[in-house]
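For our numbering, add 113 to where a residue sits in the sequence shown, where the first one is 1. C-beta: ideal position from N, C-alpha, C; glycine also. The structure presented is a predicted model; accordingly, all values stated were derived computationally and were not measured.
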Amino acid sequence: MLASNYPQSLGLAAQQYSAQVQNQIYAMGYQNAQRQRLARIAYEERVRPMRLARAEAKRAARAERIARLVEKRERESGGDTVDRYSLVSSVTN
114 MLASNYPQSL GLAAQQYSAQ VQNQIYAMGY QNAQRQRLAR IAYEERVRPM RLARAEAKRA
174 ARAERIARLV EKRERESGGD TVDRYSLVSS VTN
């Protein structure tokens, strides 16, 4: 008698079919997850320059606001503030 790949019973055939369908579902889910992950990575790469530019613009605007505030305070106090502002570094041993 020749051995065949056909199952000996209808119940076994149903189990094999069910397992095959389940494996296909898992494979499709994995592929979808991979596609979504790669799409997200591509999106992040596309928007990174815009995000960096926006962050730099915010930083520059903040620096400008601080400079105007310091300038305003200097004008209000009489102008000569070189002696009032100094950089202090404290080193502890």
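Does Q133 come out as helix, strand or coil in the three-state DSSP assignment? Locating residue 133 in the sequence shown gives position 20, where the first residue counts as 1. In this structure, Q133 counts as helix in the three-state DSSP scheme.
For a test of the three-state rule: what should DSSP assign to S190, helix, strand or coil? As a first step, residue 190 must be located in the sequence shown, where it is residue number 77. If DSSP states are grouped into helix, strand and coil, S190 belongs with the helices.
Output the distance between the C-alpha atoms of Q133 and A126, rounded to the nearest integer angstrom. The residue you call residue 133 lines up with position 20 of the sequence shown. The residue you call residue 126 lines up with position 13 of the sequence shown. Going from the Cα of Q133 to the Cα of A126 covers about 10 Å.
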